[in-house]
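Q: Once you've had a glance at the structure underneath, I'll fire off some questions.
Residue numbers (the numbering used here): 5 to 293.
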């Protein structure tokens, strides 16, 4: 199966994931020491939501299209994200949308770098064309399940690994991605890991997170935003980000961001948002039928 993110670019899950990504990078860069960012399924860098794939799915209409202008938002992460979208559109089309490589590249300092992994050849070629003048970004055309363990720990010793696999290829309980995350953490126990996961059935996601905790992962924080009830059978109900080794203050800031974001994206006030420390009780939650 060939996964193409162009069908899903800018949807509510992308919005949620990208705002938390910006927050993680902002907190990591409060120290002057360099960081290395690894993006597991980088895609092509930027997307045009006016193209056929995005228009066919229409998913961006319940994502980025529902958000106001940056000046009308309160949370610094949401405002920074919307500013990056607006900046890209000033130099592209009115429906340009930044993928994770574009968002990462705008935040890198001179001492930082990013490793962008993309398995699909056409996507990797488009990504190479996009990064050709950016010396702090490098493209690795390889499978992330092999590539991530091979590339970490980086010489910088500080940084972030973003893991966003196509879950259509994952088997029951997402065991391959569990194995990848555990292996990567064992190789780089001080690194920060951000794993995106879909919320289609709440029982499945709870079991997935419990299994990871039982396998020895420590300092786990899950951030979830559902725009529909989590057990509804219509498809993708919510977006989750599991953070391993979250930076100090990330949990409170993520909860504040989700509190502002949820009413903008939720379907008629339905769904929920939570931030949960897997060694303690949920730090924040809001649920409606």
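Glycine included, C-beta positions come from ideal geometry on N, C-alpha and C.
A quick note: this is a predicted structure, and the numbers were derived from the prediction, not measured.
Just curious, the alpha helix (DSSP H) that residue 64 is in, first and last residue?
A: Counting along the chain, residue 64 falls outside any alpha helix (DSSP H), and DSSP gives it neither H nor E.
Q: Could you give the C-beta distance for residue 49 and residue 181, rounded to a whole number, given that I count them as a contact under 8 angstroms?
A: In fact, because the Cβ distance is near 23 angstroms, the residues do not count as touching under 8 angstroms.
Q: Of the choices 172, 204 and 166, whose alpha-carbon is the least far from that of residue 196?
A: 166
Q: Considering Cα atoms alone, identify which of 24, 18, 268 and 144 is closest to residue 246.
A: When only C-alpha atoms are compared, the closest one is 24.
Q: Pairing CB atoms from the segment 177-193 with CB atoms from the segment 15-23, are three or more of them under 8 angstroms?
A: no
Q: Which residue wins for smallest C-alpha separation from residue 139, given the options 221, 120, 157 and 145?
A: 120
Q: Of all the beta strand (DSSP E) runs that stay within the bounds of the segment 35-63, which reach a length of 3 or more residues?
A: 40-43 and 50-52
Q: Which residues bound the beta strand (DSSP E) around residue 101?
A: 100-102
Q: Count the other CB atoms within 10 Å of the CB of residue 242; is the residue buried (16 or more) or exposed (fewer)?
A: buried
Q: In angstroms, rounded to a whole number, what distance separates the CA positions of residue 234 and residue 262?
A: 16 angstroms
Q: Assign residue 238 to buried or exposed, taking buried as 16 or more other Cβ atoms, counted over all protein chains shown, within 10 Å of its Cβ.
A: When all chains shown are included, residue 238 counts as exposed.
Q: Taking only the alpha-carbon atoms, compute the straight-line gap between residue 52 and residue 97 and give it to the nearest angstrom.
A: 7 angstroms
Q: Taking DSSP's pairing of strands, which residues face residue 202 in a bridge?
A: 243
Q: From 94, 222 and 10, pick the residue whose C-alpha is nearest to that of residue 126; which is it?
A: 10
Q: Is residue 145 near residue 160, with beta carbons less than 8 angstroms apart?
A: no
Q: Is it true that the segment 253-273 meets the segment 212-232, where meeting means three or more beta-carbon pairs spaced less than 8 angstroms apart?
A: yes
Q: Taking residue 268 as part of the alpha helix (DSSP H), name the residues at either end of that continuous run.
A: 254-269
Q: When you compare the segment 78-87 with the segment 35-42, are there three or more beta-carbon pairs, one atom per stretch, that lie closer than 8 angstroms?
A: With the cut-off at 8 angstroms, the segment 78-87 and the segment 35-42 do not touch.
Q: Using three-state DSSP, classify residue 18 as helix, strand or coil.
A: helix
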